[in-house]
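Trainee: Protein chains in written order, with our numbering: chain A, 17 to 478; chain B, 921 to 1166.
All residues carry an ideal CB built from backbone N, CA and C; glycine is no exception.
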Amino acid sequence: MTNHAHRAARFLKNEERAAWHDKTLWMVRKKRDLMALDVPDWEELREQASQIKRHSLSKLDDYLVQFEEHAINNGAQVHWASTAGKLNEIVYQIIKENNASRIVKSKSMLTEECGLNPFLEKRGIEIIDTDLGERIIQLKREPPSHIVMPAIHIKKEEISELFHRELNSEEGNTDPTYLAATARLHLRQKFIEAEVAITGVNFAVAENGAVVVCTNEGNADMGVHAAPIQIHCMGIEKVIPRLSDLAVFTRLLARSATGQPITTYTSHYLNPKPGGQMHIIIVDNGRSELIGKEDYRDSLKCIRCGACMNTCPVYRRSGGHSYHYVIPGPIGSILAPHSNSKEYEDLPFASSLCGSCSDVCPVKIDIHGQLYRWRQDLSQQGARSPIKKGIMKVSGKILASDKMYDWSGKVARWCIKYLPRVLIYNRLNTWGRERELPEVPRESFKEWYNKNFREGDKNGQK
Amino acid sequence: MQIGLFIPCYIDQFYPKVGIATMELLEKLGLDVYYPSEQTCCGQPLANSGAEDEAIKTYNNFVRIFSKFDYIVSPSGSCVYHVRENYNILPQTDEVRKVRQNTFELCEFIVDILKTDDLKIDFPHKVGVHQSCHGLRGLKLATPSELIVEHYSKVHRLLKKAKGIEIINLDREDECCGFGGTFSIFQPDISVKMGKDRLDDHRRNGAEVITATDMSCLMHLEGIARRQNREVRFLHIAEILNSNRL
């Protein structure tokens, strides 16, 4: 059995919790539907967003240079990082040069991807995640299970316990308002003390050099406004040509992500504050290589809304951690094997290929098409176990020959019908653990047909 | 107009009644139906598992056997989708193109090609329609719930004409049942959980009969229901459409 399958099985052991997880995320999907319904030209908007992203990716070199030029003119310092390690080094250098040690960070999947937190912590630097969900999992020492709602797998009772232990909140108080207030008080102190504020970037606008950050909690702004030094980390794929393009995405992003018309805050950061510093780090980390892969390039259109997770019937029932990659769910399953095809070879198989992900995707990534393609490519690269390889080879031979097919079908039907039940429903029969096999008919369709129609009559030999 | 009847492997082996219903229905509709008996499978089980390379021979056989027909009709949205979509890796000869263009799922063939929807059926039952994903999103037999476009459903259009039928509303109108081909074998826990949830939805809303364009989804759901000793009937859409007075 594959890795994801194991973890999913473990997640499902607690049926009640799995059902709660499924229901919670399904509610988010329903909210998204209602919000999308409110936009009469929703499907056109998706098409437009897809085309803007495609266009931007096809001229990334131009737009990135344009963006850099404008950003520098605005007073920002622009750094280029080819790898995760380079990003971490650059951030560390900025912190060291300014003798800083207290850092706040708002949500950024990129820094999660690059492992910035553990890198800085190892060097004795305190880095506090300020998004409520992120802070919860940071205190719990867990990775995020969702890219928009990182602590969606945790119940309020557990948060109450955690906050009681870590933040000295009242024992047993599970009131969400109280818990949020506790976190707010705790974080307020961190904001005031912070010397450096790090943010992710949702969009980078080439025509004016702005980085745009969307949050609901205003935590990016709290950090950036309070700390003298601000650092914005962005992947190269975040650049879009114009502000008018941004409007297309802000209409789609929050509706797709959480079923809100727009995020509470959509902040455009242009200049450093007087006497302060503004750094923008542009990260590649495998992305330009991905642009070179025609079958998979479109995955870079992703705006990290998480809608594919909320709609995915597998994700909802297996939890984000079952994907064991920084980005879970359908989009993670097509990005992960690109970063490490051996380690994540199970993920493209963690899908029933129902295709719902591609239909909710606001930038129209053919996610399930890419999952299918990855299955082929990974198998070619040797991801197939020797047993599976053997099975596939034999099955290929059988299905390519009508005589072998007819004979094998007959044998299979005979076995199911006449072998003792314990033999058929053995440990290796994963179908039969919780499902009956179909009842065996008297004859196959082909046998029925050949019996009832004369040879040369209706046998297709025209 | 000569119709090549494609009966997918698992229907051939386990559900001959579905093949018979399909054939009878097409003949009642006045069509000239041929069943080439050297057929086997569309190759999807291999490709679905990532072994497209091992499936090429099966693809080629399919094309060779079926390219002589005007239309190829099959009681399976998933297999039809596979032929139409994933035979794109073959060199696109005239035969391959013809087969990809002319292979139809039964319901869409009746609605789109025969341009009829009243099959004069009596079916006085409460029916839950399971919308199989490949038919729904791949062949666009209906509008998936994610898309914000005007709603239609070819399957519902055919069923609604049945006298006495009551099509139930589901809480989740088109969630996947979890079959997913070899997914059902390699990810059994998730697959079964998805199936159980689907069955619960149908039961909660009072389905006496659960139907679908794909017997594979029903095989999976029926397998779970039988293990749980549940009282619900599973009928392929062809069996309902063939219960007519044409």
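Taking 6 Å as the limit between beta carbons, can you name the residues of its chain near E182(A), skipping five residues before and five after?
Mentor: Counting only Cβ-Cβ distances below 6 Å, and skipping sequence neighbours, we find L155.
Trainee: Using the Cα positions of I298(A) and I68(A), report the straight-line distance between them to the nearest angstrom.
Mentor: Their backbone Cα atoms lie some 20 Å apart in a straight line.
Trainee: When the Cα of D314(A) is compared with those of H384(A), N30(A), V94(A), which residue comes out closest?
Mentor: Ranking H384(A), N30(A), V94(A) by Cα distance to D314(A) puts H384(A) first.
Trainee: Let me make sure I understand the geometry here. Which of V221(A), N326(A), I247(A), L439(A) has the alpha-carbon closest to that of I168(A)?
Mentor: That would be N326(A), whose Cα lies nearest to the Cα of I168(A).
Trainee: Measure the C-alpha to C-alpha separation of N475(A) and Y954(B) and round it to an integer number of angstroms.
Mentor: A caution first: N475(A) carries a pLDDT of 47, below 50, which makes its placement in the model unreliable, though a value can still be read off. Those two C-alpha atoms are separated by around 6 Å.
Trainee: On the criterion of 16 or more Cβ atoms from any shown chain inside 10 Å, does D263(A) qualify as buried, or is it exposed?
Mentor: The amino acid occupying residue 263(A) in the given sequence is Ala; Asp does not appear at that position. With fewer than 16 other Cβ atoms within 10 Å, it is exposed.
Trainee: Answer yes or no: do F83(A) and V229(A) have a C-beta to C-beta separation smaller than 7 Å?
Mentor: No, the Cβ-Cβ distance between F83(A) and V229(A) is not below 7 Å.
Trainee: Give the single residue among V1075(B), K1018(B), D1038(B) whose Cα lies nearest to the Cα of C1050(B).
Mentor: Note that residue 1050(B) corresponds to His in the displayed sequence, not to Cys. Nearest C-alpha to H1050(B): V1075(B).
Trainee: Per DSSP, what kind of secondary structure is S315(A) in: helix, strand or coil?
Mentor: Reduced to three states, the DSSP call for S315(A) is helix.
Trainee: Opposite Q246(A) in the DSSP bridges: which residues?
Mentor: Looking at the DSSP assignment, Q246(A) forms a beta bridge with A213(A), M294(A).
Trainee: Run through DSSP, which three-state label would G308(A) get?
Mentor: Coil, per DSSP.
Trainee: Using the Cα positions of D1120(B) and A197(A), report the straight-line distance between them to the nearest angstrom.
Mentor: Each residue's Cα considered, the two are about 39 Å apart.
Trainee: Give every residue of the same chain whose Cβ lies closer than 7 Å to the Cβ of L259(A), excluding the five residues on either side of it in the sequence, and list them in chain order.
Mentor: Contacts found: V221, E223, N224.
Trainee: Looking only at C-alpha atoms, which of L966(B), I1033(B), P956(B) sits nearest to L949(B)?
Mentor: Here the closest residue by C-alpha is I1033(B).
Trainee: Is the distance from the Cβ of I144(A) to the Cβ of I343(A) below 7 Å?
Mentor: No.
Trainee: Taking DSSP's pairing of strands, which residues face L1034(B) in a bridge?
Mentor: BP columns for L1034(B) are empty, so no partner.
Trainee: Please list, in chain order, the chain B residues whose beta carbon lies closer than 7 Å to that of T446(A).
Mentor: Here the neighbours are I1105, P1108.
Trainee: Just how far apart, CA to CA, sit I296(A) and G91(A)?
Mentor: Roughly 11 Å between the two C-alpha positions.
Trainee: Run down chain A in chain order and give the residues with a C-beta less than 7 Å from the C-beta of G997(B).
Mentor: What G997(B) touches in chain A: nothing, since even the nearest Cβ is about 12 Å away.
Trainee: Would you identify the three-state DSSP class for D1042(B), choosing helix, strand or coil?
Mentor: Residue state, collapsed to three classes: strand.
Trainee: Would the segment 923 to 936 of chain B count as touching the segment 449 to 467 of chain A if we require 3 or more Cβ pairs under 8 Å?
Mentor: Yes: at least three Cβ pairs fall under 8 Å.
Trainee: Contact criterion: CB-CB distance below 7 Å. Does D375(A) meet it with respect to chain B?
Mentor: Closer than 7 Å to some Cβ of chain B, the Cβ of D375(A) qualifies, so yes.
Trainee: With 7 Å as the threshold, decide whether the Cβ of Q64(A) is near any Cβ in chain B.
Mentor: No, Q64(A) does not count as interfacial toward chain B.
Trainee: Helix, strand or coil for D191(A)? Go by DSSP, reduced to three states.
Mentor: Coil.
Trainee: Distance cutoff 7 Å, beta carbons only. Does V427(A) sit that close to anything in chain B?
Mentor: So no, V427(A) is outside the interface.
Trainee: Once you ignore the five residues that flank S357(A) on each side, which residues in its own chain have a CB closer than 7 Å to its CB?
Mentor: Excluding residues within five positions, the ones whose Cβ falls inside 7 Å are L394, Q397.
Trainee: Please identify, using Cβ separations under 7 Å, the residues of the segment 942 to 958 of chain B that lie next to chain A, in order along the chain.
Mentor: Listed by position along the chain: Y954, Y955, P956, S957, E958.
Trainee: Could you tell me whether the Cβ atoms of E452(A) and G1143(B) are closer together than 7 Å?
Mentor: Closer than 7 Å, so yes.
Trainee: Looking at the structure shown, is F903(B) part of a helix, part of a strand, or coil, going by DSSP?
Mentor: With chain B represented from 921 up to 1166, any question about residue 903(B) goes unanswered, as that position is not in the structure.
Trainee: Please report how far the alpha carbon of Y1007(B) lies from the alpha carbon of G345(A), in whole angstroms.
Mentor: Y1007(B) and G345(A): Cα-Cα distance of roughly 27 Å.
Trainee: May I have the straight-line CA-CA distance separating G239(A) from I208(A), to the nearest angstrom?
Mentor: In a straight line, the C-alpha of G239(A) is about 8 Å away from that of I208(A).
Trainee: Does the separation of the CB atoms of L316(A) and E359(A) fall below 7 Å?
Mentor: Contact: no.
Trainee: Cutting at 6 Å between CB atoms, please list the residues of its own chain near K405(A), excluding the five before and the five after it.
Mentor: Once the five neighbours on either side are set aside, K405(A) has no close Cβ partner at all.
Trainee: Using DSSP with H/G/I as helix, E/B as strand and the rest coil, what is K478(A)?
Mentor: At K478(A), the pLDDT of 38 sits below 50, so the modelled position is not reliable; the number obtained from the coordinates is stated separately. In the structure shown, K478(A) sits in coil (DSSP, three-state: anything other than H, G, I, E or B).
Trainee: Would you list the residues sitting across from V229(A) in a DSSP beta bridge?
Mentor: According to DSSP, which records beta bridges pairwise, V229(A) is partnered with S283(A).
Trainee: Roughly how far, in whole angstroms, is the beta-carbon of F1106(B) from the beta-carbon of F365(A), given that I think they are within contact range, below 8 Å?
Mentor: Indeed they touch by this definition, with Cβ atoms about 6 Å apart.
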